[in-house]
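To start, the structure itself, in structure tokens.
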Amino acid sequence: IHSFSAVMQQSFRFAVFPKQYITFNPMQYIKLRYQTDEVDLFSDEDMDGNVQPISREDYERLLAYLQKKNPAAILPIQIAYYAGLRIGEACGLAWQDVNLEEQCLTIRRSIRYDGSKRKYIIGPTKRKKVRIVDFGDTLVEIFRNTRKEQLKNRMQYGELYHTNYYKEVKEKNRVYYEYYCLDRTEEVPADYKEISFVCLRPDGCLELPTTLGTVCRKVAKTLEGFEGFHFHQLRHTYTSNLLANGAAPKDVQEL
């Protein structure tokens with residue numbers, strides 16, 4: 016509904032000016048109503064209580080499916096499965112946040128799409144704090160192979176390989192950061208700062224949260240046994256595995 020509304024707004028605005036087909040925009044009188052979820056503020060139930068963790072067998076089936084349908088989605092899926100990152104955190108992870116020697120990630124940012132600005136915005140994590148997440152040998156190997164593959168892609172694509180940037184924007188009393196992606200043939204504005212993201216597509220562009228969300232919805236519709244699947248299920252699986260292996264609930268909660 017919101018997408019249709021945006022299209023109608025733009026169409027009528029264009030009809031008013033510059034085309035002058037009509038004298039006013041009728042969409043200015045339309046107000047969208049938002050359906051609010053009813054929440055029990057005093058419930059003891061965990062919102063993830065009905066979310067089932069993904070078995071190892073199903074996880075392997077998921078990777079096999081993505082290898083055929085959307086290989087670029089595999090890396091953030093793996094990171095979420097082995098380190099419990101949220102979708103925006105996985106996409107916002109940069110190589111400077113990955114310590115292969117100490118085998119830990121520094122989670123300091125998240126990326127999301129801002130519909131009002133029509134931009135991807137790099138911001139803080141959900142809880143607005145930096146946290147450290149340890150990871151095992153499997154993810155070490157995944158990161159090393161990814162780094163090699165990205166260097167290979169950079170050579171193959173040449174000047175058509177993309178570099179990722181962020182730009183600081185000051186608006187009233189707040190500061191935020193917009194995301195941009197340019198290939199090597201494009202001039203880089205002076206206020207753009209380069210950032211080396213981990214989860215990239217073959218051409219160097221960032222694998223974005225909205226793209227991942229679309230992939231997850233496709234999985235839920237087409238892959239048997241994954242009905243209702245969403246990205247957050249990977250984080251739930253990670254925390255469930257930690258608890259099953261004896262991790263303290265309080266420590267898991269901090270993640």
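Per our numbering, the sequence shown starts with residue 16, numbered consecutively.
For glycine and all other residues, C-beta sits at the position ideal for the given N, C-alpha and C.
Treat the numbers as computed from the prediction; the structure is a model and nothing was measured.
Practice item. Assess, as a yes-or-no matter, whether the stretch 169-186 is touched by the stretch 196-213 under the definition of 3 or more beta carbon pairs within less than 8 angstroms. Key: The way I'd put it, the stretch 196-213 does touch the stretch 169-186; three or more beta-carbon pairs between them come closer than 8 angstroms.
Practice item. Give me the Cα-Cα distance between R133 and E183, rounded to the nearest whole angstrom. Key: Position 118 of the sequence shown, counted from the first residue, corresponds to residue 133. Position 168 of the sequence shown, counted from the first residue, corresponds to residue 183. If I take the Cα positions, the gap works out to 16 angstroms.
Review point. Would you call the CB atoms of G219 and Y172 closer than 8 angstroms?
Key: The count along the sequence shown starts at 1 and reaches residue 219 at position 204. The count along the sequence shown starts at 1 and reaches residue 172 at position 157. Yes, they are a contact pair.
Point to revise | Local conformation of A205 per DSSP, three classes | key: Translated into positions along the sequence shown, residue 205 becomes position 190. Of the three classes helix, strand and coil, the one that applies to A205 here is coil, per DSSP.
Review point. What residue from K141, T121 and E117 has the CA that sits closest to R127's CA?
Key: Taking the first residue of the sequence shown as position 1, residue 127 is located at position 112. For R127, the nearest C-alpha among the options comes from K141.
Exercise for review: Could you please give the first and the last residue of the uninterrupted beta strand (DSSP E) stretch that includes E193?
Suggested key: Taking the first residue of the sequence shown as position 1, residue 193 is located at position 178. Its beta strand (DSSP E) spans residues R189 to D198.
**Study point:** C-alpha gap between S26 and I37, whole angstroms
**Key:** Position 11 of the sequence shown, counted from the start, is the residue given in the question as residue 26. Position 22 of the sequence shown, counted from the start, is the residue given in the question as residue 37. If you take the alpha carbons of S26 and I37, they lie about 11 angstroms apart.
Point to revise | M62 (DSSP reduced to helix, strand or coil) | key: Counting from one through the sequence shown, the residue named residue 62 turns up at place 47. For M62, the predicted model reports a pLDDT of 45, less than 50, meaning its position is unreliable; a value from the coordinates is still stated below. Three-state result, M62: coil.
Point to revise | Stretch-stretch touch, CB-based, cutoff 8 angstroms, three pairs: the stretch 65-79 with the stretch 249-269 | key: yes
Practice item. Measure the alpha-carbon distance for D149 versus L115 and round it to whole angstroms. Key: Here residue 149 refers to the residue found at position 134 when the sequence shown is read from its first residue. Here residue 115 refers to the residue found at position 100 when the sequence shown is read from its first residue. Going from the Cα of D149 to the Cα of L115 covers about 10 angstroms.
Review point. Within 10 angstroms of its Cβ, does Q268 collect 16 or more other Cβ (buried), or is it exposed?
Key: Here residue 268 corresponds to residue number 253 of the sequence shown, with the count starting at 1. Looking at its Cβ environment, which holds fewer than 16 other Cβ atoms inside 10 Å, Q268 is exposed.
Review point. Does DSSP classify G138 as helix, strand or coil?
Key: As a first step, residue 138 is located in the sequence shown; it is residue number 123 there, counting from the start. Strand at G138.
**Study point:** Same chain only: Cβ atoms within 8 angstroms of V31, ignoring 5 sequence neighbours per side
**Key:** If you number the sequence shown from 1, residue 31 lands on position 16. Taken in chain order, the residues that qualify are I37, T38, F39 and N40.
Check your understanding: Between Q165, E193, Q24 and V190, which lies nearest to W110 when the distance is taken from Cα to Cα?
Key -> As a working mapping, residue 110 is identified with position 95 in the sequence shown. Checking every option, the nearest Cα to that of W110 belongs to Q165.
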